[in-house]
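**Student:** Take a look at the following structure, please.
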Ligand code: GLC
Ligand code: CA
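In my numbering, the protein residues as written are 84 to 669.
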């Protein structure tokens, strides 16, 4: 497929978690042929890019984010021919395919690691070329309490999925290997030129197959502090993210791989991101990545650093933060817009209502508020149906390595009781996003004819794609309109962001202003984040400047709202209402 320059700026991405999308052969696991069968659904929604989570050969401790062979497909997902067919069938429909690239680490069962852990010398006694592919450090010499000594972890870094970030290969040596996530996911050593070469060749091989880009998993971690100092509180992120060689490696990846193909899209997953970092790594000159996933908005309620909490997002803080990103990246770097993915709970854990009269209305409001900012929006599978968190009642129902490790740790050390921890997993756990897509109201929501690998949300008889497609005012239809609006209106891509009524704790309002100085065109996006009526206040200057312009309602979620004129200093929105107005001159 011919790719236009910067095509992703006008794109809306649909994220597919293949394990839970659609099962074509009744083994209870979603698969690549299942994705192909549902491409027309994605097309109907209006998304023109798919990011598909890992489908490579994997040991599956972390559902595909622990790869054993980058150039093979996990048999339960299908074959390489299926993936080639997926690329072909997506392109036939004008849909780009972006694949998930996990190169910060591999599986502990990847042949590179199996060879690496043999030791400094290989089985023939020669220097082991794979040793250097991973990060090995001598253990710290500590007293054994009996006058002798023993070895301990090289430092106090904690793995993101719990426990020490260091493990031993059990080969009798004093060496430890580093794993930022879990011991099943040893970190690759990007300091090794031979390793980098391998990665670059493999990524080029995928681009030669015709994929349109990569979502770069956990990429901010590929360069670590070379001194491996102890961390104050065990938190690994300050030492493992954005290390001294990160920029060099990222630029090399661009030079050696990405820039050799035309208009490849990359979205780099980067916790610890700031607008300054975005300007370097998602710069509009295309010298590194096309855009990044930042985490600051998710961190507002605990998010990345300590997610197991009931904390709620303060809307004022959110507005300030989003505005800060919008303003700082304008004309310099490109943003991604998302609330949901396979690592986050469903959106209603944060805003809106998972059930009750405002469920659908709130889902639409949240979508409009985020989609109409500047950047590329991401729709996580099921989000367009208003899918909700799963009511976990037993730890036996949980599959996710992160939740299971947290359960072990926090129920053992007394941080939470079992009941509290289960409640937190139901609120925040990643499995909430990973339950099967609810296609219809038949058994297992039409996802599989077999036994699904993880529970289907019991609300599937009410919330499912078939029902949503049969109804004009459904969440799905609203997303369709929102996505179409982006395609029709240049302003959604190019407009400058101006926040309005920023101190208001209940409503979120902003403008998108045409960048051309001779244009008066603008969009006004107003959203009520509460379950009661709430006001948007217009500053005097705003009223003065825009009162004489023509207006039209482009989209909204309140059926009774049929007209809008800018005459009063404030507007009262109904519960969870969103209203999108265009200002123009006839
Ligand atoms: C990323 C992925 C997540 C995975 C982790 C380790 O954060 O999105 O699902 O567990 O990296 O690969
Ligand atoms: Ca299957």
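The beta carbon of each residue, even a glycine, is placed where N, CA and C say it ideally should be.
What you are looking at is a predicted structure, and each value in this text was computed from that prediction instead of being measured.
Just the Cα atoms here: how many angstroms apart are residue 476 and residue 537?
**Tutor:** Mapped onto the chain shown, residue 476 falls at position 393. Mapped onto the chain shown, residue 537 falls at position 454. One C-alpha to the other measures close to 13 Å.
**Student:** By the DSSP assignment, the beta strand (DSSP E) with residue 374 in it spans what residues?
**Tutor:** Taking the chain shown and counting its residues from 1, one reaches residue 374 at position 291. Looking at the DSSP string, the run of the beta strand (DSSP E) that includes residue 374 is 374-376.
**Student:** Bridge partners of residue 663, per DSSP?
**Tutor:** Your numbering for residue 663 matches position 580 in the chain shown. Beta-bridge pairing links residue 663 to 608 and 638.
**Student:** In chain order, which alpha helix (DSSP H) runs of at least 4 residues are fully inside the region 156-201?
**Tutor:** You should have 163-175 and 194-199.
**Student:** Mind checking whether the beta-carbon of residue 406 lies closer than 7 Å to any heavy atom of ligand 2?
**Tutor:** Walking along the chain shown from the start, residue 406 turns up at place 323. Outside the cutoff, so no.
**Student:** Taking buried to mean at least 16 other C-beta atoms within 10 Å of its own C-beta, is residue 171 buried or exposed?
**Tutor:** Position 88 of the chain shown, counting from 1, holds the residue named residue 171. The residue in question, residue 171, is exposed, as its Cβ has fewer than 16 Cβ neighbours within 10 Å.
**Student:** Looking at the secondary structure, which residues open and close the beta strand (DSSP E) in which residue 582 lies?
**Tutor:** Here residue 582 corresponds to residue number 499 of the chain shown, with the count starting at 1. Per DSSP, residue 582 belongs to the beta strand (DSSP E) from 579-583.
**Student:** Look at the Cβ atom of residue 661, then the Cβ atom of residue 610, and state whether they are nearer than 8 Å.
**Tutor:** Working through the chain shown from its first residue, we reach residue 661 at position 578. Working through the chain shown from its first residue, we reach residue 610 at position 527. Cβ atoms of residue 661 and residue 610: closer than 8 Å.
**Student:** What span of residues does the alpha helix (DSSP H) with residue 117 cover, start to end?
**Tutor:** In the chain shown, the residue the question calls residue 117 occupies position 34. Taken as a continuous stretch (DSSP letters only), the alpha helix (DSSP H) holding residue 117 covers 115-120.
**Student:** From residue 346 to residue 90, what distance separates their C-alpha atoms?
**Tutor:** The residue labelled residue 346 in the question sits at position 263 within the chain shown. The residue labelled residue 90 in the question sits at position 7 within the chain shown. Taking the straight line from one Cα to the other gives about 8 Å.
**Student:** Can you look up residue 275 in the DSSP assignment and give me helix, strand or coil?
**Tutor:** Taking the chain shown and counting its residues from 1, the one referred to as residue 275 is at position 192. Three-state DSSP puts residue 275 in coil, outside helix and strand.
**Student:** Can you give me the C-alpha to C-alpha distance between residue 182 and residue 295, rounded to a whole angstrom?
**Tutor:** Numbered from 1 along the chain shown, position 99 holds the residue referred to as residue 182. Numbered from 1 along the chain shown, position 212 holds the residue referred to as residue 295. In a straight line, the C-alpha of residue 182 is about 8 Å away from that of residue 295.
**Student:** Note down the Cα distance separating residue 96 from residue 140, rounded to an integer number of angstroms.
**Tutor:** Taking the chain shown and counting its residues from 1, the one referred to as residue 96 is at position 13. Taking the chain shown and counting its residues from 1, the one referred to as residue 140 is at position 57. Spanning the two alpha carbons is a distance of roughly 24 Å.
**Student:** Going straight from the alpha carbon of residue 353 to that of residue 301, what length do you get?
**Tutor:** Taking the first residue of the chain shown as 1, we reach residue 353 at position 270. Taking the first residue of the chain shown as 1, we reach residue 301 at position 218. Going from the Cα of residue 353 to the Cα of residue 301 covers about 6 Å.
**Student:** Alpha carbon to alpha carbon, how far is residue 423 from residue 433? Give it in angstroms, no decimals.
**Tutor:** As a position in the chain shown, residue 433 is number 350, starting the count at 1. As a position in the chain shown, residue 423 is number 340, starting the count at 1. Whole-angstrom Cα-Cα distance: 10 Å.
**Student:** Would a C-beta distance cut-off of 8 Å place residue 111 and residue 535 closer than the cut-off?
**Tutor:** To locate residue 111, count along the chain shown from 1; it is residue 28. To locate residue 535, count along the chain shown from 1; it is residue 452. Cβ distance < 8 Å, so residue 111 and residue 535 count as in contact.
**Student:** Report the residue from 215, 650 and 579 whose alpha carbon sits nearest the alpha carbon of residue 407.
**Tutor:** Indexing the chain shown from 1 puts residue 407 at position 324. When only C-alpha atoms are compared, the closest one is 579.
**Student:** Spell out a yes or no on whether the region 395-406 and the region 556-573 are touching, meaning 3 or more CB-CB pairs, one atom from each, closer than 8 Å.
**Tutor:** Verdict: no, contact absent.
**Student:** Using the DSSP secondary-structure output, state which residues sit across from residue 250 in a beta bridge.
**Tutor:** Along the chain shown, read from residue 1 onward, the residue named residue 250 stands at position 167. DSSP output for residue 250 lists 260 as bridge partner(s).
**Student:** Just to confirm the assignment, what range does the alpha helix (DSSP H) spanning residue 565 have?
**Tutor:** Within the chain shown, numbered from 1, the residue matching residue 565 stands at position 482. That run of the alpha helix (DSSP H) goes 558-571.
**Student:** Compute every distance between the C-beta of residue 113 and the non-hydrogen atoms of ligand 2, then say whether any falls below 7 Å.
**Tutor:** As a first step, residue 113 is located in the chain shown; it is residue number 30 there, counting from the start. Yes - ligand 2 has a heavy atom lying nearer than 7 Å to the Cβ of residue 113.
**Student:** Just checking my contact of residue 612 with residue 641 at CB under 8 Å: how many whole Å lie between their CB atoms?
**Tutor:** Here the question's residue 612 lines up with position 529 in the chain shown. Here the question's residue 641 lines up with position 558 in the chain shown. Contact doesn't hold; Cβ gap of about 14 Å is too wide.
**Student:** Given this structure, state the Cα-to-Cα distance separating residue 473 from residue 509, to the nearest angstrom.
**Tutor:** The residue labelled residue 473 in the question sits at position 390 within the chain shown. The residue labelled residue 509 in the question sits at position 426 within the chain shown. Computed Cα separation, rounded: 6 Å.
**Student:** When we look at the beta-carbon of residue 313 and count the other beta-carbons within 10 Å, is it buried (16 or more) or exposed?
**Tutor:** Taking the first residue of the chain shown as 1, we reach residue 313 at position 230. The residue is exposed, with fewer than 16 neighbouring Cβ atoms inside 10 Å.
**Student:** Quick one: what's got a C-beta closer than 8 Å to residue 528's C-beta in the same chain, skipping five residues either side?
**Tutor:** As a first step, residue 528 must be located in the chain shown, where it is residue number 445. The residues are 519, 520, 521, 522, 539, 540, 543 and 547.
**Student:** Please tell me whether residue 258 and residue 531 are closer than 8 Å, where the distance is taken between their beta carbons.
**Tutor:** Taking the first residue of the chain shown as 1, we reach residue 258 at position 175. Taking the first residue of the chain shown as 1, we reach residue 531 at position 448. The answer is no: Cβ separation not under 8 Å.
**Student:** Per DSSP, which one or two residues make a beta bridge with residue 281?
**Tutor:** Here residue 281 is taken as the residue at index 198 of the chain shown, counted from 1. According to DSSP, residue 281 bridges with nothing at all.
**Student:** What does residue 470 pair with, by DSSP beta-bridge criteria?
**Tutor:** Along the chain shown, read from residue 1 onward, the residue named residue 470 stands at position 387. Partner(s): none; residue 470 has no beta bridge.
**Student:** Residue 480 to residue 103, Cα distance in whole Å?
**Tutor:** Counting from one through the chain shown, the residue named residue 480 turns up at place 397. Counting from one through the chain shown, the residue named residue 103 turns up at place 20. Their backbone Cα atoms lie some 15 Å apart in a straight line.
**Student:** Would you say residue 409 touches ligand 1, meaning its beta carbon is less than 7 Å from a heavy atom?
**Tutor:** Along the chain shown, one-based indexing puts residue 409 at 326. No, since every heavy atom of ligand 1 falls outside the 7 Å radius drawn around the Cβ of residue 409.
**Student:** For residue 242, which residues from the same chain have a beta carbon less than 8 Å from its beta carbon, with the 5 sequence-adjacent residues on both sides left out?
**Tutor:** For the purposes of this step, residue 242 is taken as the residue at position 159 of the chain shown. Once the five neighbours on either side are set aside, the close Cβ partners of residue 242 are 248, 262, 263, 264, 265, 266 and 319.
**Student:** What residue range is occupied by the uninterrupted alpha helix (DSSP H) comprising residue 363?
**Tutor:** The residue labelled residue 363 in the question sits at position 280 within the chain shown. Residue 363 -> alpha helix (DSSP H) spans 358-364.
**Student:** If we count the other Cβ atoms within 10 Å of its Cβ and call it buried at 16 or more, is residue 225 buried or exposed?
**Tutor:** Against the chain shown, residue 225 aligns to sequence position 142. With fewer than 16 Cβ atoms within 10 Å of its Cβ, residue 225 is classed as exposed.
**Student:** For the 8 Å Cβ check, are there 3 or more pairs between the region 186-199 and the region 159-178?
**Tutor:** Touching, no, given that fewer than three Cβ pairs across the two stretches are closer than 8 Å.
**Student:** Mind checking which residues open and close the beta strand (DSSP E) that includes residue 594?
**Tutor:** The residue labelled residue 594 in the question sits at position 511 within the chain shown. Per DSSP, residue 594 belongs to the beta strand (DSSP E) from 590-596.
**Student:** Where does residue 98 fall in DSSP's three states?
**Tutor:** Here residue 98 refers to the residue found at position 15 when the chain shown is read from its first residue. Here residue 98 sits in strand by DSSP.
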